[in-house]
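K.L.:
The structure's right below; bear with me while I get my questions together.
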Amino acid sequence: MNDISGHTIQTMMSMIENARHISIVTHMKPDGDAMGSSLGLYRFLLRNVKARIKIVLPSECPRNLAFMVQEGENSDILVHSSNDDPAFVALMESDLIFCLDFNSFHRTEGLQQALQESQAAKILIDHHLNPDRSMFDLVFSETEISSTSELLYYILVRTPYIDGEASRLGLACASAIYTGMTTDTNNFNNSTYPSTLAMASELIACGVDRDVIIEKVMHSYRENRMRLLGTLLKDNMVVIPEGGACIVLDKKTIQEYDIVEGDTEGFVNIPLDIANVRMSIFVKEEDGKARVSIRSKKGTSANRCATTYFHGGGHENASGGKIIFPDDITDISMAKDYILGIMESFLNE
Ligand code: 5GP
Ligand code: MN
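Numbers 47 to 395, taken from our numbering, label the letters of the sequence shown in order.
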């Protein structure tokens with residue numbers, strides 16, 4: 047973890063101690079790691095410093111992750127909707143902004159302008175490839191790590207407040223960090239390093255209730271998610287001999303099954319259970335575009351596929367992007383052929 051040193055921790059500490067208004071920002075459509083790292087840092091700061099602390103979200107926390115937010119915290123979580131709303135204003139008034147779990151301002155969509163215009167000092171804590179280092183005053187970037195939550199853990203334990211004693215994080219902070227790691231690794235299925243297991247061990251020793259977290263993250267969906275999954279695997283998934291699999295979820299089906307944000311979490315991973323499938327693409331229709339999730343096995347680059355074909359990026363084996371209507375294709379009915387064409391040529395390279 048090259049960016050974590052006595053010097054960078056000290057620099058961060060003096061930035062924190064000199065700030066009166068601190069904002070924590072994460073990416074659009076926050077996932078478990080985005081929420082976990084944001085809440086973990088929020089709880090750490092609230093416990094240790096006097097500044098006003100706000101979490102600023104470019105879009106709402108999905109329903110399946112609402113359990114992560116504790117009573118009383120909602121008033122400090124601001125969701126952006128327009129350029130004069132409290133979320134935008136909080137960013138503009140901040141003297142320090144932590145940017146968590148994204149590598150470039152554009153991942154915050156509507157908050158990009160506020161981040162560009164704000165005079166605040168900015169600290170990046172992130173685990174994606176190719177961070178936009180020039181936009182930040184201090185960067186903690188590490189790609190060989192499970193999650194932003196894990197990276198945050200190793201930063202926080204180096205601060206004088208914690209000084210290597212993880213129990214000083216407090217249970218609420220520790221649980222948020224553990225949850226973020228759990229979702230980004232799909233419960234230790236991927237991106238799991240020795241440091242990940244060491245952190246997990248320390249946090250469980252501090253009292254983090256792993257069973258409760260697993261229950262809430264993995265076993266608390268509504269029945270409709272399972273019914274939709276059955277239909278998609280049976281009638282929709284296409285597998286090609288080159289080693290690709292593709293599922294396209296259109297708006298009509300989303301409505302039919304009453305699917306909300308978070309309900310399709312993890313669907314993209316499932317086709318990788320097939321022996322010769324090296325890359326899986328899951329597409330979900332939205333207004334004017336479709337969101338693309340890509341997962342790959344070692345040796346096949348989801349990231350290169352996302353950047354080359356889908357205006358996106360992410361990690362080597364877990365990336366995302368979009369298909370824009372009508373620039374890329376006219377509408378969702380053409381998505382499957384479009385993706386199969388891309389996968390064929392990509393996997394034949
Ligand atoms: P997911 O498939 O879970 O939405 O995203 C997988 C990974 O790709 C995440 O780390 C996410 O940050 C990244 N990602 C998703 N969508 C985009 C995108 O539109 N642009 C970029 N650069 N990264 C994305
Ligand atoms: Mn992440």
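For each residue, glycine too, the CB sits at the ideal point set by N, CA and C.
Assuming the contact rule is C-beta atoms closer than 8 Å, Ala348 and Ala364 should be a hit. Round their C-beta distance to whole Å, please.
P.N.:
As a first step, residue 348 is located in the sequence shown; it is residue number 302 there, counting from the start. As a first step, residue 364 is located in the sequence shown; it is residue number 318 there, counting from the start. 6 Å between Cβ atoms; contact.
K.L.:
Under 8 Å: do the segment 272–286 and the segment 349–360 share three or more Cβ pairs, one atom per stretch?
P.N.:
The answer is no - the segment 349–360 does not touch the segment 272–286, with fewer than three Cβ pairs under 8 Å.
K.L.:
Relative to the ligand MN, is the shortest distance from any of its heavy atoms to the C-beta of Ser402 smaller than 7 Å?
P.N.:
Coverage of the chain is limited to positions 47 through 395, which leaves residue 402 absent and any answer about it impossible.
K.L.:
Can you find the residues in the same chain that come closer than 6 Å, C-beta to C-beta, to Phe90, ignoring five residues on each side of it along the sequence?
P.N.:
Along the sequence shown, read from residue 1 onward, the residue named residue 90 stands at position 44. Result list for Phe90: Leu202, Cys219, in chain order.
K.L.:
Distance check for Gly308 and Pro108, CA to CA, integer angstroms please.
P.N.:
For this step, residue 108 is matched to residue 62 along the sequence shown. For this step, residue 308 is matched to residue 262 along the sequence shown. If I take the Cα positions, the gap works out to 6 Å.
K.L.:
Within a Cβ cutoff of 8 Å, which residues of the same chain sit near Lys344, ignoring the five residues on either side of it in sequence?
P.N.:
As a position in the sequence shown, residue 344 is number 298, starting the count at 1. Cβ neighbours of Lys344 beyond the five flanking positions: Asn363.
K.L.:
When DSSP labels each residue in this structure, what does Phe113 get in the three-state scheme?
P.N.:
In the sequence shown, residue 113 corresponds to position 67, counting from 1. Three-state result, Phe113: helix.
K.L.:
Ala336 by DSSP, collapsed to three states: which one?
P.N.:
By one-based count along the sequence shown, residue 336 stands at place 290. In the structure shown, Ala336 sits in a strand (DSSP, three-state: E or B).
K.L.:
Along the chain, where does the beta strand (DSSP E) that runs through Cys145 open and close?
P.N.:
Your numbering for residue 145 matches position 99 in the sequence shown. Element bounds for Cys145: 142–146.
K.L.:
Pair every Cβ in the segment 244–257 with every Cβ in the segment 207–215, then say whether three or more of these pairs are closer than 8 Å.
P.N.:
The segment 244–257 vs the segment 207–215: in contact.
K.L.:
Answer yes or no: the CB of Ser391 versus the heavy atoms of the ligand MN, is any distance below 7 Å?
P.N.:
For the purposes of this step, residue 391 is taken as residue 345 along the sequence shown, with counting starting at 1. No; taking the cut-off as 7 Å, the Cβ of Ser391 has no heavy atom of the ligand MN nearer than that.
K.L.:
Would you say Phe151 reaches chain B, if we count a Cβ-Cβ gap shorter than 8 Å as a contact?
P.N.:
Absent here is chain B; the protein component of the structure consists of one chain.
K.L.:
Here's the rule: buried if 16 or more other CB atoms are within 10 angstroms of the residue's CB, otherwise exposed. What is Lys298?
P.N.:
Here residue 298 refers to the residue found at position 252 of the sequence shown. Exposed is the call here.
K.L.:
One question on the structure: do Gly226 and Leu393 come within less than 8 Å of each other, judged by their Cβ atoms?
P.N.:
Position 180 of the sequence shown, counted from the first residue, corresponds to residue 226. Position 347 of the sequence shown, counted from the first residue, corresponds to residue 393. Taking 8 Å as the Cβ cut-off, Gly226 and Leu393 do not qualify as a contacting pair.
K.L.:
Listed by chain order, which residues have C-beta atoms less than 5 Å from any heavy atom of the ligand 5GP?
P.N.:
Ser339, Gly358, Gly359, Gly360, Ala364, Ser365, Gly366, Gly367
K.L.:
Which of the three DSSP states, helix, strand or coil, is assigned to His67?
P.N.:
Indexing the sequence shown from 1 puts residue 67 at position 21. Residue state, collapsed to three classes: strand.
K.L.:
At a cut-off of 7 Å, would you count Ser237 as near the ligand MN, judging by its Cβ distance to the nearest heavy atom?
P.N.:
The residue given as residue 237 occupies position 191 in the sequence shown. No - the ligand MN has no heavy atom lying nearer than 7 Å to the Cβ of Ser237.
K.L.:
Which word fits Pro104, buried or exposed, when buried means at least 16 other C-beta atoms lie within 10 angstroms of its C-beta?
P.N.:
In the sequence shown, counting from the first residue as 1, residue 104 sits at position 58. Looking at its Cβ environment, which holds 16 or more other Cβ atoms inside 10 Å, Pro104 is buried.
K.L.:
Mind checking whether the beta-carbon of Ser164 lies closer than 7 Å to any heavy atom of the ligand MN?
P.N.:
On the sequence shown, position 118 is the one that residue 164 refers to. False, no ligand heavy atom lies under 7 Å from that Cβ.
K.L.:
Do the CB positions of Ser192 and Asp130 come within less than 8 Å of each other?
P.N.:
In the sequence shown, residue 192 corresponds to position 146, counting from 1. In the sequence shown, residue 130 corresponds to position 84, counting from 1. In this structure, Ser192 keeps its C-beta atom at 8 Å or more from the C-beta atom of Asp130.
K.L.:
What does the alpha-carbon distance come out to for the pair His152 and Glu248?
P.N.:
Counting from one through the sequence shown, the residue named residue 152 turns up at place 106. Counting from one through the sequence shown, the residue named residue 248 turns up at place 202. Answer to the nearest angstrom: the Cα atoms are 35 Å apart.
K.L.:
Pick out the complete beta strand (DSSP E) segments inside the segment 242–310, 3 residues or longer, and give them in chain order.
P.N.:
284–286, 290–295
K.L.:
Name, in chain order, the residues that DSSP records as bridge partners for Gly359.
P.N.:
In the sequence shown, the residue the question calls residue 359 occupies position 313. DSSP lists Gly366 as partners of Gly359.
K.L.:
Answer yes or no: the CB of Ser51 versus the heavy atoms of the ligand MN, is any distance below 7 Å?
P.N.:
As a first step, residue 51 is located in the sequence shown; it is residue number 5 there, counting from the start. Not so, every heavy atom of the ligand MN lies at least 7 Å from the Cβ.
K.L.:
In the DSSP output, which residue or residues are listed as bridge partners for Lys100?
P.N.:
Here residue 100 refers to the residue found at position 54 when the sequence shown is read from its first residue. By DSSP's assignment, Lys100 forms a beta bridge with Ser69.
K.L.:
Just to check, is the beta-carbon of Thr194 closer than 7 Å to a non-hydrogen atom of the ligand MN?
P.N.:
In the sequence shown, counting from the first residue as 1, residue 194 sits at position 148. Under cutoff, so the answer is yes.
K.L.:
When you compare the CB positions of Val284 and Ala381, do they come within less than 8 Å of one another, or not?
P.N.:
Here residue 284 refers to the residue found at position 238 when the sequence shown is read from its first residue. Here residue 381 refers to the residue found at position 335 when the sequence shown is read from its first residue. No.
K.L.:
Name, in chain order, the residues that DSSP records as bridge partners for Val323.
P.N.:
Residue numbering aside, residue 323 sits at position 277 when the sequence shown is read from its first letter. According to DSSP, Val323 bridges with nothing at all.
K.L.:
Between the C-alpha atoms of Asn322 and Val314, what's the straight-line distance to the nearest angstrom?
P.N.:
Here the question's residue 322 lines up with position 276 in the sequence shown. Here the question's residue 314 lines up with position 268 in the sequence shown. Their Cα atoms are separated by approximately 15 Å.
K.L.:
Is the Cβ-Cβ distance between Thr194 and Asp178 less than 8 Å?
P.N.:
One-based indexing of the sequence shown puts residue 194 at position 148. One-based indexing of the sequence shown puts residue 178 at position 132. In terms of Cβ geometry, Thr194 and Asp178 do not form a close pair [threshold 8 Å].
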